[in-house]
Amino acid sequence: MRANEKNKLLLVLMSGVLTFTAMPSVYASNSSETLTSEKSKTIQNNSSSLSESALNDSEQTETDTNTANSENTSSAISDDDTTVNTSDNETITSESSNETTEKSSSEEKTPQEKAVEETLANLPKMELRPDLGPGYYQVESESKTRSKRSLAAPTMSNTELFLSQIKAGAISGWKKYKVLPSLTGAQAALESGWGSSGLSLSANNLFGIKGRYNGQFELWPTLEFINGQWVTVNAEFRKYPSWKESMEDHGKFLVENPRYYKVLGEKDYIKATNEIWLAGYATDPDYPGKLQRTITYNNLTVWDAEAFNDNVDLTKYYTENPGTIVMKKDDYQYNGVEFNSGTKGKLNKKGTVLKVKGISYSANGTPRLQLSNNAFITAHKSNVLKTTSNINKFYTDNPGKIVMKIDDYAFSGAEFDDKTRGKLYKKGAILNVQGIEYSAAGTPRLLLTNNTYVTANKTKVQKVTSNITNFYTGNPQKIVMKIDDYAFSSAEFNDKTQGKTYKKGAVLNVKGIEYSSAGIPRLLLTNNLYVTANKAKVQKVTSNIANFYTTNPGKIVMKINDYAFKSAEFNDKTQDKTYKKGTILNVKGIEYSAAGTPRLLLTNNLYVTANKAKVQKVTSNIANFHTTNPGKIVMKINDYSFKSAEFNDKTQDKTYKKGTILNVKGIEYSAAGTPRLLLTNNLYVTANKAKVQKVTSNIANFYTENPKKIVMKIDDYAFKSAEFNDKTQGKTYKKGTVLNVKGIEYSAAGTPRLLLTNNLYVTANKAKVQHTIANVAQYYTVDPGTVILKRDEYQHNSVSFTQATKGKLHKKGSSLKTKGIAFTKTGYPRLILNDGNYLTANKDYVEKK
19 MRANEKNKLL LVLMSGVLTF TAMPSVYASN SSETLTSEKS KTIQNNSSSL SESALNDSEQ
79 TETDTNTANS ENTSSAISDD DTTVNTSDNE TITSESSNET TEKSSSEEKT PQEKAVEETL
139 ANLPKMELRP DLGPGYYQVE SESKTRSKRS LAAPTMSNTE LFLSQIKAGA ISGWKKYKVL
199 PSLTGAQAAL ESGWGSSGLS LSANNLFGIK GRYNGQFELW PTLEFINGQW VTVNAEFRKY
259 PSWKESMEDH GKFLVENPRY YKVLGEKDYI KATNEIWLAG YATDPDYPGK LQRTITYNNL
319 TVWDAEAFND NVDLTKYYTE NPGTIVMKKD DYQYNGVEFN SGTKGKLNKK GTVLKVKGIS
379 YSANGTPRLQ LSNNAFITAH KSNVLKTTSN INKFYTDNPG KIVMKIDDYA FSGAEFDDKT
439 RGKLYKKGAI LNVQGIEYSA AGTPRLLLTN NTYVTANKTK VQKVTSNITN FYTGNPQKIV
499 MKIDDYAFSS AEFNDKTQGK TYKKGAVLNV KGIEYSSAGI PRLLLTNNLY VTANKAKVQK
559 VTSNIANFYT TNPGKIVMKI NDYAFKSAEF NDKTQDKTYK KGTILNVKGI EYSAAGTPRL
619 LLTNNLYVTA NKAKVQKVTS NIANFHTTNP GKIVMKINDY SFKSAEFNDK TQDKTYKKGT
679 ILNVKGIEYS AAGTPRLLLT NNLYVTANKA KVQKVTSNIA NFYTENPKKI VMKIDDYAFK
739 SAEFNDKTQG KTYKKGTVLN VKGIEYSAAG TPRLLLTNNL YVTANKAKVQ HTIANVAQYY
799 TVDPGTVILK RDEYQHNSVS FTQATKGKLH KKGSSLKTKG IAFTKTGYPR LILNDGNYLT
859 ANKDYVEKK
């Protein structure tokens, strides 16, 4: 050994890296050799010298539980390539060990080495015991001897914590390498002293595998049988970044060494533990027994069942770090690899781009992606997609509408090649996007509404405002200002870039279109200033006339609140009254402004805009329609609803029955100018007053369907028409009067009235009239005061008579006081007794006294 390596080992021993409480076990090497018959005999002979008493400390005071755990921590002995990892304040003092840690007498010792020797001399003496197998030793401390590797049994909480930390790796080992999870878990526990050995703590090496891992290793003393005796030498042991890699490497190690072929795929833990011992993983004759006791005591076969029963198809998951992913659908991230309501975190929306720093596995071996923020998300390829590393240069959320920044092709699929290449879109073309899809290489593509694909590269396409049709996106060459408006020094309009004001009517020359960062188009003038491209504010002189009425529409409705003017030149001086949204106006002609903008000349000689975005041609009989939102309506007839303001067979939807109450959220117009009522469910119904009726906002308090028969709940007037006033007031109907109804009609204000069979009208207010049964004449509807029972009859504690409401039985002939009449929901009258209970009002059962 080189001097610096020896010094390093001695210093490690002094610094306490080798823990005293959990001596590391003896490990298997990368050698592929198998046990010889001679070695098997030696193992069998050694087994006779081992007894349970040899494994127990004479001073042990732990409970049976701790005894079992302590026994489980006894380490195994590997074939030829073995190690003993010493613990804190303890070192190997055998002759072979001393030979490896001392310099020759011809070399002068450094002060540092002398200090190390002094420390070592004061440590407890440890004697190797080859007669018990190279993994056993005795440590003398204050005349008391322990004969196990682990000098202190782990506590229950420590074992549970250790097992919870390695479970996922053990199950993953079955899925990847077909190594039984219970075997892996038991070996990890025994070989590492439940994670407390020096090697497992310093190098994260749970299984004592020799060699290097990605070039990383640590030097540790190990026993090797050389020239007929055990000799302590320093060997390289693999150093892992964490226990996760050690667990992974264990399965790989067994697969790569052919001698363990009988272990792989074995589902019986008894057979698996025997086979790994027979293959030479350890020479301790009780090694299988120790593994089996560890498995049974800690119920590790549950891990096996979990691994067998869960068929995670790893081909559907990313098992290597994809680096950058995009969410293919909305999905949650979690704060652990076990996904449940307790670990659920924020929701990542479809299209969200996320950075991945590694792969982890759940307890059942399901891969998870660990994000750069240490949260976890699914690694399932149906939910996430590995994408290009420069994803920030692409749209990953549907932009809705885009404009082409260059001439570029569309394609018939997300894979762009000569076979899928389609039409060429010119710079400035506006395209509607229905979604994002990805190529096999993870490059996002924009799926257009015509089912072709274009690039999502932000240098080639530009997201634009959703109301892009209100803007110029192709160079209009020459415009006229329709309003006074500012110019700006850049496409980003704000106080800092604001420049001169262009007056209404100013004609400007345009040399191109540019876009703000929000996707709003701007007109770049020949003087390098920018003005709005909004068609409501600027007018292309020759070609946008389609946005205006150029023939007399006859009758219009205002779609917004807007001014009228005294001349075709619209300005502050000519500004006149304001017409509210929904106002109906009569037009007598078209005139034009000096800038060539058409105006509508009204029959009162005022002017309003001819812009179709602000005014709407309407049907000539518009007075027959609602043009302002009625809020609530009732259907006066059975009639269809429609999916749009254009009523035809294709847009026809459900039928609303006469009397149906509907909520209206606005008015829209058909292309022909017919008003439609837009309902809150986004269907449309007619606005024709002959078919729908505006109703009072508290319509739920009234009958809107014919109740056929009612009883007056109070004394109230009848009227000669649906308009209730002093002139139409008629006779009074007393409380309890039963009336026949032939229909519902509405007042001008939308209040429903009941039309009686005698052609008088009474209120439809449910607080004043009560729907009742057809044979109500058979019942008392006016309080009789006192009744005599004509037969035995029960009283009830509710107007709804059921077995559950049944109360006291009153005998035939009983006299009972009543204080009123109540009705059931279905219109049955009940007598209210003085004690608050209810009795039938049927005249066959009771009679007025």
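In the numbering used here, each residue carries its 1-based index in the sequence shown increased by 18. Built from N, CA and C at the ideal position, the CB exists for glycine as well.
Asked, Found
"Bridge partner(s) assigned by DSSP for residue 366", "349"
"Cβ neighbours of residue 5 in the same chain (closer than 8 Å, five flanking residues each side left out)", "This structure leaves residue 5 out entirely; the chain is present only between 19 and 867."
"Close-in-space but distant-in-sequence residues of the same chain around residue 483 (CB under 6 Å, 5 per side omitted)", "537, 538"
"C-beta atoms of residue 335 and residue 186 nearer than 8 Å", "no"
"Where residue 547 sits in the DSSP three-state scheme", "coil"
"Residue(s) in a DSSP beta bridge with residue 879", "No information on residue 879 is available, as it lies outside the stretch 19 to 867 that the chain covers here."
"Beta-carbon proximity list for residue 516, same chain, < 7 Å, skipping 5 on both sides", "504, 506"
"Extent of the continuous beta strand (DSSP E) run through residue 386", "385 to 389"
"Per-residue burial, residue 736 [other beta carbons within 10 Å of its own, 16 or more giving buried]", "buried"
"Sequence ranges, alpha helix (DSSP H) only - wholly within the segment 212 to 264, length at least 4", "216 to 220"
"Residue span of the beta strand (DSSP E) that contains residue 326, given as start and end", "Note, residue 326: premise wrong, no beta strand (DSSP E); alpha helix (DSSP H) at 319 to 327."
"Nearest-angstrom Cα separation, counted from residue 830 out to residue 866", "14 Å"
"Chain-order list of residues whose beta-carbon lies under 8 Å from that of residue 519 (same chain, five-residue window excluded)", "502, 503, 504, 505"
"Residue burial classification, residue 260 (beta-carbon count within 10 angstroms, cutoff 16)", "exposed"
"Where residue 276 falls: helix, strand or coil (DSSP)", "helix"
"Segment contact, 8 Å Cβ cut-off, at least three pairs: the segment 434 to 453 with the segment 485 to 503", "yes"
"Backbone CA spacing between residue 581 and residue 640 [nearest angstrom]", "21 Å"
"Segment limits, alpha helix (DSSP H) that includes residue 310", "305 to 315"
"Meets three-Cβ-pair contact criterion under 8 Å: the segment 182 to 199 and the segment 266 to 277", "yes"
"Three-way DSSP call (helix, strand, coil) for residue 191 in this model", "helix"
"Check whether residue 679 and residue 717 have beta carbons under 8 Å apart", "yes"
"Outcome for residue 149 when other beta-carbon atoms lying within 10 angstroms are tallied against a minimum of 16", "With a pLDDT of 35 at residue 149, under the threshold of 50, the modelled position of this residue cannot be trusted; read the value that follows with caution. By the neighbour-count rule (16 or more Cβ atoms within 10 Å), residue 149 is not buried but exposed."
"Cα-Cα separation, residue 709 to residue 739", "20 Å"
"Coil, strand or helix - residue 763 by DSSP", "strand"
"As assigned by DSSP and simplified to three states, the class of residue 402", "strand"
"Start and end residues, alpha helix (DSSP H) containing residue 294", "287 to 296"
"Stretch pair the segment 286 to 296 + the segment 356 to 363: three plus CB contacts closer than 8 Å", "no"
"Contact between the segment 650 to 664 and the segment 528 to 548 (3+ Cβ pairs under 8 Å)", "no"
"Inside the segment 644 to 687 only - beta strand (DSSP E) runs reaching at least 3 residues", "650 to 653, 657 to 660, 670 to 674, 679 to 687"
"Endpoints, alpha helix (DSSP H) assigned at residue 200", "199 to 210"
"Own chain partners of residue 441 with C-beta closer than 8 Å, once the 5 adjacent residues on each side are dropped", "427, 428, 470"
"Residue 810, buried or exposed, once every other Cβ within 10 Å from all chains shown has been counted against 16", "exposed"
"Where residue 865 sits in the DSSP three-state scheme", "strand"
"Proximity below 8 Å, CB of residue 395 to CB of residue 402", "yes"
"Candidates 844, 668, 548, 181: closest to residue 262 by CA position", "181"
"Expected contact under 8 Å - CB spacing of residue 309 and residue 205 to nearest Å", "7 Å"
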